[in-house]
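Novice: I have a structure here, written as structure tokens, and I will follow up with some questions on it.
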Amino acid sequence: MSDGSSAWEKRVKEGLFQEERFTDEMKLKVLEAIERRPRRIAGLWPRLAGTVAACLAALLLVVYWPSGSVDTARPQGAAAGAEKALTFQPLEARILTKGQTIYGSDPDILPGLSNKYSPLRNTGYVEQIPLTDIELIDKQEIPGFGTTLRYTLINNEDLPKSDKNGIIVYFGFVIEGFSKPGQLFHYGFGYLDGDDFSATRLFGQEVLKIDRQQCRIDGEACAFYVKKDKGGVSTFAEFDAATYERDLDGDGREEAIVATHKQNQIYIFKEEQGRLQWASVREALGAGNEDQLVYDEAAGLFEVYTPSTEQGDGVRIYAYTQDNKLAEVVQ
Amino acid sequence: MDSQMELQYLAYKDKLDKGELDDLMTEYGDDVRRYAYAITKNREQAKDIAQEVFIRAYRGFGSFRGSSSVKTWLFSITRNLAINEMKSSYVRRIVLFEWVKPTGVGESAETAYLEEQSVREIRAAMMSLSVKLREVLLLTLEHGLTMPEIAGLLSVSEGTVKSRLHRARQAMDRKRKEMER
Chain A
240 MSDGSSAWEK RVKEGLFQEE RFTDEMKLKV LEAIERRPRR IAGLWPRLAG
290 TVAACLAALL LVVYWPSGSV DTARPQGAAA GAEKALTFQP LEARILTKGQ
340 TIYGSDPDIL PGLSNKYSPL RNTGYVEQIP LTDIELIDKQ EIPGFGTTLR
390 YTLINNEDLP KSDKNGIIVY FGFVIEGFSK PGQLFHYGFG YLDGDDFSAT
440 RLFGQEVLKI DRQQCRIDGE ACAFYVKKDK GGVSTFAEFD AATYERDLDG
490 DGREEAIVAT HKQNQIYIFK EEQGRLQWAS VREALGAGNE DQLVYDEAAG
540 LFEVYTPSTE QGDGVRIYAY TQDNKLAEVV Q
Chain B
2 MDSQMELQYL AYKDKLDKGE LDDLMTEYGD DVRRYAYAIT KNREQAKDIA
52 QEVFIRAYRG FGSFRGSSSV KTWLFSITRN LAINEMKSSY VRRIVLFEWV
102 KPTGVGESAE TAYLEEQSVR EIRAAMMSLS VKLREVLLLT LEHGLTMPEI
152 AGLLSVSEGT VKSRLHRARQ AMDRKRKEME R
């Protein structure tokens with residue numbers, strides 16, 4: 240071994256990544272996780288029967304509600320218990336703009352929510368490229384939105400060098416009335432197996448939702464919302480957690496209900512003139528660390544499971560009211 | 002008897018209690034996080050992976066039977082998680098092109114912590130190696146694993162480990178010389 244190599248080997252043996260430490264905070268998170276996760280369902284199952292029955296009853300109310308679609312109908316008639324007010328406040332977060340990079344080391348915008356920037360995007364319109372520049376792998380019709388395409392790029396001197404690797408699978412759209420003749424919106428790259436595409440509405444806007452249940456190593460899902468308007472196609476919003484759209488307050492604009500895996504938070508987001516307002520369901524309900532929050536997407540209900548206590552049945556169910564409160568559904 | 006040897010008694014247990022998990026994290030947490038970082042080259046991913054390793058170790062402790070050291074067993078969990086994460090990171094990036102982190106930006110951000118020039122260069126050289134070469138070098142030098150342990154961890158023969166180690170050392174020597182010019 241030469242002197243040169245012995246010098247670098249000595250330094251490697253001493254540790255090149257000293258700042259990568261397993262901190263006390265990380266230890267605490269692990270200990271909290273092992274406390275919480277196994278209890279999620281197993282310990283509560285005997286009490287779930289009542290909850291399931293209540294949810295079914297609520298669902299029936301939703302389905303047979305006199306007017307409105309499933310999205311706008313709420314099981315308010317079933318909510319007759321205590322009410323908890325939700326406090327909405329402006330989201331203090333940077334807006335991602337074109338050319339900016341998201342760094343993993345940036346702080347999360349809210350506890351448990353992995354977004355580093357505001358979920359609303361301002362990254363501009365997606366570029367269009369000629370259909371002759373792609374080799375199509377497959378395509379999928381999304382009723383109400385357009386056609387999604389998966390493809391590789393054929394060499395083109397006009398494309399950035401990093402785009403010339405033919406093994407990269409890209410993803411884009413053709414939308415009648417929006418795409419230029421013979422062109423497609425060239426959106427991004429990545430395998431999309433397992434993703435769920437659907438046309439839906441968010442914050443009063445028609446959008447394409449790309450829903451990915453297995454998105455991050457920390458167990459989070461994520462949802463992308465893509466919109467189209469006269470200018471073309473652009474990313475409207477992205478949430479780094481399981482996200483649902485529902486017009487909770489009946490104002491005709493769908494809120495985003497965001498349920499995180501980390502810290503088991505549920506946030507409700509409203510959009511007003513390009514700014515987001517948020518409220519914490521965990522905070523509003525005064526849920527403790529041991530309480531498990533669940534959003535029942537089908538019924539539009541918020542549920543709190545409490546590990547067995549001397550007093551109670553351990554399950555509380557809440558419905559959203561038009562005046563931004565959560566009213567307990569009496570079982 | 003050092004603390005790592007003391008922890009080998011865990012091979013005779015079916016499950017861990019929280020105190021023992023805490024001991025494991027104290028003893029091996031830094032190593033696990035650094036190994037995850039060596040594979041992923043991403044601090045946040047490495048942090049998440051390191052935490053998940055100990056959650057899985059706690060839940061799946063019955064699968065540890067002492068055929069390897071505790072450290073090697075934890076490293077095998079780390080490696081599986083890190084490789085899966087790297088695959089899913091690629092999958093995850095449905096992003097506009099302007100969001101994609103340009104090559105080299107992460108590196109310059111990471112190197113901002115490092116004050117010492119030589120360490121920065123060694124580190125840059127190390128991280129520029131392929132993951133196969135970087136992994137055997139760090140497992141040997143920084144983590145002190147033996148040849149059979151590394152072979153077991155990577156599911157390759159000892160001959161392959163030796164070959165990779167040789168090539169890794171050659172590559173590091175070459176890169177260090179280039180940097181000195």
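Protein chains in written order, with this note's numbering: chain A, 240 to 570; chain B, 2 to 182.
Where is the CB? At the ideal position from N, CA and C, for every residue including glycine.
Starting from D23 of chain B, find everything on chain A with Cβ-Cβ shorter than 8 Å and list it in chain order.
Specialist: Within the second sequence, numbered from 1, the residue matching residue 23 of chain B stands at position 22. What D23 of chain B touches in chain A: K266, L270.
Novice: Bridge partners for E259 of chain A per DSSP, in chain order?
Specialist: Locating residue 259 of chain A in the first sequence gives position 20, where the first residue counts as 1. Paired residue(s): none; E259 of chain A is not in a bridge.
Novice: Can you tell me which of the three DSSP states R278 of chain A falls into?
Specialist: As a first step, residue 278 of chain A is located in the first sequence; it is residue number 39 there, counting from the start. Residue placement at R278 of chain A is poorly supported in this model, since its pLDDT is 38, which falls under 50; the coordinates are not used for a value here.
Novice: So, helix, strand or coil for T386 of chain A, using DSSP?
Specialist: Within the first sequence, residue 386 of chain A is the residue found at index 147, counting from 1. Strand, per DSSP.
Novice: Closer than 7 Å by beta-carbon distance: list the chain B residues that pair up with K252 of chain A, in chain order.
Specialist: Taking the first sequence and counting its residues from 1, the one referred to as residue 252 of chain A is at position 13. Under the 7 Å cutoff, chain B gives L142, E143.
Novice: Taking any Cβ of chain A, which residues in the stretch 119-137 of chain B have a Cβ under 8 Å from it, in chain order?
Specialist: Correct list: S119, V120, I123, R124, A126, M127.
Novice: Taking just the CA atoms, how far does Y483 of chain A sit from V301 of chain A?
Specialist: Position 62 of the first sequence holds residue 301 of chain A. Position 244 of the first sequence holds residue 483 of chain A. For V301 of chain A, the predicted model reports a pLDDT of 38, less than 50, meaning its position is unreliable and no value from the coordinates is stated.
Novice: Starting from F55 of chain B, find everything on chain A with Cβ-Cβ shorter than 7 Å and list it in chain order.
Specialist: For the purposes of this step, residue 55 of chain B is identified with residue 54 of the second sequence, where counting begins at 1. Near F55 of chain B (Cβ distances below 7 Å), the residues of chain A are V269.
Novice: Using a 10 Å radius around the Cβ and a threshold of 16 neighbouring Cβ atoms, would you call A537 of chain A buried or exposed?
Specialist: On the first sequence, position 298 is the one that residue 537 of chain A refers to. With fewer than 16 Cβ atoms within 10 Å of its Cβ, A537 of chain A is classed as exposed.
Novice: Quick one: is K419 of chain A near chain B, going by C-beta distance under 8 Å?
Specialist: Start at 1 with the first residue of the first sequence, and residue 419 of chain A comes out as number 180. K419 of chain A does not count as touching chain B.
Novice: What first and last residue would you give for the beta strand (DSSP E) that runs through P369 of chain A?
Specialist: If you number the first sequence from 1, residue 369 of chain A lands on position 130. P369 of chain A -> beta strand (DSSP E) spans 367-369.
Novice: Look at the alpha carbon of Q257 of chain A and the alpha carbon of V120 of chain B, and state the distance between them as a whole number of angstroms.
Specialist: The residue labelled residue 257 of chain A in the question sits at position 18 within the first sequence. The residue labelled residue 120 of chain B in the question sits at position 119 within the second sequence. Rounded to whole angstroms, Q257 of chain A to V120 of chain B spans 11 Å at the Cα level.
Novice: With a floor of 4 residues, list each alpha helix (DSSP H) that falls wholly inside the stretch 29-84 of chain B, ordered by position along the chain.
Specialist: Listed in chain order, the complete alpha helix (DSSP H) runs (minimum 4 residues) inside the stretch 29-84 of chain B are 44-60.
Novice: Do A83 of chain B and L130 of chain B count as a contact pair if the criterion is CB distance below 8 Å?
Specialist: On the second sequence, position 129 is the one that residue 130 of chain B refers to. On the second sequence, position 82 is the one that residue 83 of chain B refers to. Their beta carbons are not under 8 Å apart, which means L130 of chain B does not touch A83 of chain B by this criterion.
Novice: So, with DSSP's three-state summary, where would you put H425 of chain A?
Specialist: Locating residue 425 of chain A in the first sequence gives position 186, counting from the first residue. Looking at H425 of chain A - three-state DSSP - the assignment turns out to be strand.
Novice: Are the beta-carbon atoms belonging to R57 of chain B and A47 of chain B less than 8 Å from one another?
Specialist: Indexing the second sequence from 1 puts residue 57 of chain B at position 56. Indexing the second sequence from 1 puts residue 47 of chain B at position 46. Cβ distance not < 8 Å, so R57 of chain B and A47 of chain B don't count as in contact.
Novice: Can you check whether the CB of H500 of chain A is closer than 8 Å to the CB of A480 of chain A?
Specialist: By one-based count along the first sequence, residue 480 of chain A stands at place 241. By one-based count along the first sequence, residue 500 of chain A stands at place 261. Yes, the Cβ-Cβ distance between A480 of chain A and H500 of chain A is below 8 Å.
Novice: Based on the DSSP secondary-structure assignment, which residues constitute the bridge partners of Y559 of chain A?
Specialist: Locating residue 559 of chain A in the first sequence gives position 320, counting from the first residue. DSSP lists A:L565 as partners of Y559 of chain A.
Novice: Given this structure, state the Cα-to-Cα distance separating G247 of chain A from T262 of chain A, to the nearest angstrom.
Specialist: Mapped onto the first sequence, residue 247 of chain A falls at position 8. Mapped onto the first sequence, residue 262 of chain A falls at position 23. The sequence given here places Trp at residue 247 of chain A; Gly does not occur at that position. So the two alpha carbons sit approximately 27 Å from each other.
Novice: By alpha-carbon positions, which one of B:H144, B:T41, B:A126, B:Y38 ends up nearest to E179 of chain B?
Specialist: Walking along the second sequence from the start, residue 179 of chain B turns up at place 178. Closest by alpha carbon: B:A126.
Novice: Counting only Cβ pairs nearer than 9 Å, list the residues of chain B close to L352 of chain A.
Specialist: Residue 352 of chain A sits at position 113 when you count from the first residue of the first sequence. Simply none; closest approach about 15 Å.
Novice: By Cβ distance below 7 Å, which residues in the same chain neighbour E86 of chain B in space, the five residues on each side in sequence not counted?
Specialist: As a first step, residue 86 of chain B must be located in the second sequence, where it is residue number 85. Same-chain partners within the cutoff: T41, Q46, I50.
Novice: Give me, in chain order, the residues of the same chain whose beta-carbon lies closer than 7 Å to that of L55 of chain B; leave out the 5 immediate sequence neighbours on both sides.
Specialist: Counted from its first residue, the second sequence places residue 55 of chain B at position 54. The residue you asked about is not Leu; residue 55 of chain B is Phe in the sequence shown. Contacts found: L22, L25, M26.
Novice: Using the C-alpha atoms, what's the distance from Y559 of chain A back to Q315 of chain A?
Specialist: The residue given as residue 315 of chain A occupies position 76 in the first sequence. The residue given as residue 559 of chain A occupies position 320 in the first sequence. Here Q315 of chain A scores only 44 on pLDDT, less than 50, and its place in the model should not be relied on; the value that follows carries that caveat. Between Q315 of chain A and Y559 of chain A, the C-alpha separation is close to 8 Å.
Novice: Give me the DSSP bridge partner(s) of P217 of chain A.
Specialist: This structure does not reach residue 217 of chain A, given that chain A is present from 240 up to 570, and the question cannot be answered.
Novice: Take the Cβ of G411 of chain A as the centre, count every other Cβ of all protein chains shown within 10 Å, and call the residue buried at 16 or more, exposed below.
Specialist: Position 172 of the first sequence holds residue 411 of chain A. The residue is buried, with at least 16 neighbouring Cβ atoms inside 10 Å.
Novice: Does the beta carbon of V157 of chain B come closer than 8 Å to any beta carbon on chain A?
Specialist: In the second sequence, the residue the question calls residue 157 of chain B occupies position 156. No, its Cβ sits nowhere closer than 8 Å to a Cβ of chain A.
Novice: Helix, strand or coil for L17 of chain B per DSSP?
Specialist: Counting from one through the second sequence, the residue named residue 17 of chain B turns up at place 16. It is coil, neither helix nor strand.
Novice: How would you list, in chain order, the residues of chain A whose beta-carbon sits under 8 Å from the beta-carbon of D31 of chain B?
Specialist: The residue given as residue 31 of chain B occupies position 30 in the second sequence. Ordered by position in chain A, the residues that pass the 8 Å Cβ test against D31 of chain B are E259, R260, F261.
Novice: For D347 of chain A and A332 of chain A, I'd like the C-alpha separation in whole angstroms.
Specialist: Your numbering for residue 347 of chain A matches position 108 in the first sequence. Your numbering for residue 332 of chain A matches position 93 in the first sequence. If you take the alpha carbons of D347 of chain A and A332 of chain A, they lie about 9 Å apart.
Novice: Compare the C-alpha of V365 of chain A against each of A:L447, A:G471, A:V533 and name the closest.
Specialist: Taking the first residue of the first sequence as 1, we reach residue 365 of chain A at position 126. Of the listed residues, the one whose Cα sits closest to V365 of chain A is A:G471.
Novice: Sort B:T161, B:G20, B:R124 by Cα distance to R250 of chain A and report the nearest one.
Specialist: Residue numbering aside, residue 250 of chain A sits at position 11 when the first sequence is read from its first letter. Per the Cα distances, B:R124.
Novice: Would you say R165 of chain B and V132 of chain B are within 8 Å of each other, going by their C-beta atoms?
Specialist: Working through the second sequence from its first residue, we reach residue 165 of chain B at position 164. Working through the second sequence from its first residue, we reach residue 132 of chain B at position 131. Their beta carbons are not under 8 Å apart, which means R165 of chain B does not touch V132 of chain B by this criterion.
Novice: Would you call the stretch 488-495 of chain A and the stretch 503-511 of chain A touching, i.e. three or more CB-CB distances under 8 Å?
Specialist: The stretch 488-495 of chain A, when compared against the stretch 503-511 of chain A, does touch it at the 8 Å Cβ threshold.
Novice: If R360 of chain A and E477 of chain A are in contact, beta carbons under 8 Å, what's the gap, nearest whole angstrom?
Specialist: Stepping through the first sequence from its first residue, residue 360 of chain A is reached at position 121. Stepping through the first sequence from its first residue, residue 477 of chain A is reached at position 238. Right, the Cβ-Cβ distance comes to about 6 Å (below 8 Å), so this counts as a contact.
Novice: Return the first residue and the last residue of the beta strand (DSSP E) that A538 of chain A is part of.
Specialist: The residue given as residue 538 of chain A occupies position 299 in the first sequence. Note, A538 of chain A: premise wrong, no beta strand (DSSP E); not H, not E.
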